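Okay, structure first, notes after.
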Amino acid sequence: AYLAVDEEQKALEHYEITVEVTDKEDLVVNSLCSMGDIFLSQGDYEKAFNAYDKVLRDFPRSILADHAQYEIGVVLEKMGRKDAAILSFQSLIVNFPRSALRDKVHYQLGLLYGQKGDYTTAALQFDMVLQEEANANFRLDALLQKANALYNGGQYVDAIKIYEDIMKNSKNKKSLLRARYHAGWAYYKMGNPKKALEIFKQLMKETDEKILVAGIKLWFGEYFYNSGNFNNAKKYFQEVVTEFPKSSFADDATYWLGWVFYDMGIEDKALQQFDDIVKQDPNSRWAPQAILALGDIYKKKGAYSKAIPKYEMLIQRYPKNRVTTIANTRIGTILKDQNNYTLAIEYFKVARSEDNSEMNAQLQFDIAECYRNLGMENKAVEEYLKVEYKYPAGKFWVMRALFKCVELLEKHGKNERAFKLYQKLSEGIGPEAEYAKNRLSIYSLHEK
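For the sequence shown, my numbering assigns the number 2 to the initial residue and increments by one for each residue that follows.
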């Protein structure tokens, strides 16, 4: 009754008294859960957590224990503690295997894994929702979320299959529009802009839903930008910013406007655009990218004394952001070009990781090059060889590194080792392989 008239404080007082004076478990549990629900709606997450947690600690076998476990996951997610929220939801699945909340739990797990960038696991969680006895609309939403997770993970073909299945079989207008919208983006990402253009043009005629219109206009901006039509790109990006200022699409458009101005030759305006992003909202997901853009613009014009401080700012402000790797690499490259090889090595080492990737192969190659330029040729040989055994995925850099390595080995008269490397190089493709074959034939002549 109290909640019906929105007298939440009186309701809380009533529930607190009930918890203190009654010895009936069901009344205590109901009161604690109701208190948690009120605190949650008020944004008082600490008190909400404590109320639900008391249910689990004191009444773990109660009929509402699974509800308390679920709400703890919700509270932790709202507190920004994603990993703890995941553990809470997983605990519900383990501890309450027959809970009627399992479908909602898998859905929440899908959202959380998606937010963490683990789209494969996110898709699996949404798939689990489809295996539960959920209502039709909830299942449809989970199916759409699964497709979105596949899309975000770069599995565009699989995502499109689901979108098209929804378009063929669903009668839910909202889901149909979203499936078509996301399918358009998927086709675009697959390199089929013609199909995407067809979908988005039709959607613009059929919907006035703000979130979709904003996304479509952003797509048109990207489409024209990538086509080199900067005037039209500017038009659509500015419309997104003006018409949908509070949407996440406006943040995207604001960033891309900076590159539009740059490619239009309006460098001062581009610099101002990126600088404004950093100053107005340093917590924006685009702020690190904007600082990187500022550094890159200065770097492209050779203004290294302005570029390096921007890269350093990025490294200091956002040490855990993935673009800091790029910033360290950029500084290393500038220092290498300035013949400051010792310091360049340090930046390349910070940027390098243990992942077997093209980028790390290039960084390892650059480190070896720096040692060579410092005259530390034995150390350079050691570092060149690391490119192959640590980062074989970077095939281009592996070939370059082996080629540079064999040059040094021959220079120092280590022909036996050089011969073995030439044999390895000759098995590849490209100019290094052809050169290796010629050198092997010369070695053969000398042996005769």
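Think of the CB as a built atom: it goes at the ideal place given N, C-alpha and C, for glycine as much as any other residue.
Predicted model, so just to flag it, every value in this text is computed and none were measured.
For residue i, the three-state DSSP class (helix, strand or coil)
i	result
Gln339	coil
Gly303	coil
Pro289	helix
Glu21	helix
His413	coil
Gln274	helix
Asp450	Since the first and last residues shown for the chain are 2 and 449, residue 450 lies out of range.
Gly154	coil
Lys449	The predicted model places Lys449 with a pLDDT of 49, which falls under 50 and marks its position as unreliable, so this point remains unresolved.
Met205	helix
Met314	helix
Leu102	coil
Phe60	coil
Ala5	Its pLDDT being 49, under 50, Ala5 is placed unreliably by the model, and the measurement read from it follows with that caveat. Helix at Ala5.
Ala394	coil
Exposure label - residue i; buried when at least 16 CB within 10 Å
i	result
Asn170	exposed
Glu8	exposed
Glu384	buried
Tyr152	buried
Asp104	buried
Gln203	exposed
Ser228	exposed
Ala271	buried
Residue from the options whose Cα sits closest to the Cα of residue i
i	options	result
Ile368	Glu355, Phe349, Gly192, Asn379	Phe349
Leu258	Gly266, Ser248, Gln239, Thr243	Gln239
Pro289	Tyr263, Gly185, Gly222, Ile327	Ile327
Arg353	Ser35, Gly111, Arg331	Arg331
Lys337	Gln126, Leu375, Ser358, Leu219	Leu375
Gly296	Ile316, Ser285, Glu433, Arg286	Ile316
Met377	Arg401, His413, Trp398, Gln363	His413
Lys175	Ile163, Ala187, Lys162, Asp142	Asp142
Asp59	Leu77, Gly74, Asp27	Asp27
Asp67	Tyr53, Lys79, Glu78	Tyr53
Ser89	Ala101, Arg62, Tyr120, Leu57	Leu57
Ser285	Glu268, Asp269, Tyr319	Tyr319
Distance between residue j and residue i (C-alpha atoms, nearest Å)
i	j	result
Lys190	Ala197	9 angstroms
Phe275	Glu417	55 angstroms
Ala12	Ala148	42 angstroms
Gly222	Tyr237	5 angstroms
Lys307	Val324	18 angstroms
Lys280	Ile292	10 angstroms
Asp159	Glu411	52 angstroms
Pro393	Ala362	8 angstroms
Thr208	Asn230	26 angstroms
Ile161	Ile309	43 angstroms
Ala381	Ile335	20 angstroms
Val76	Phe50	6 angstroms
His183	Ala304	41 angstroms
Lys300	Arg181	41 angstroms
Leu266	Trp287	Checking the sequence shown, residue 266 turns out to be Gly, not Leu. Their Cα atoms are separated by approximately 22 angstroms.
Glu17	Val29	9 angstroms
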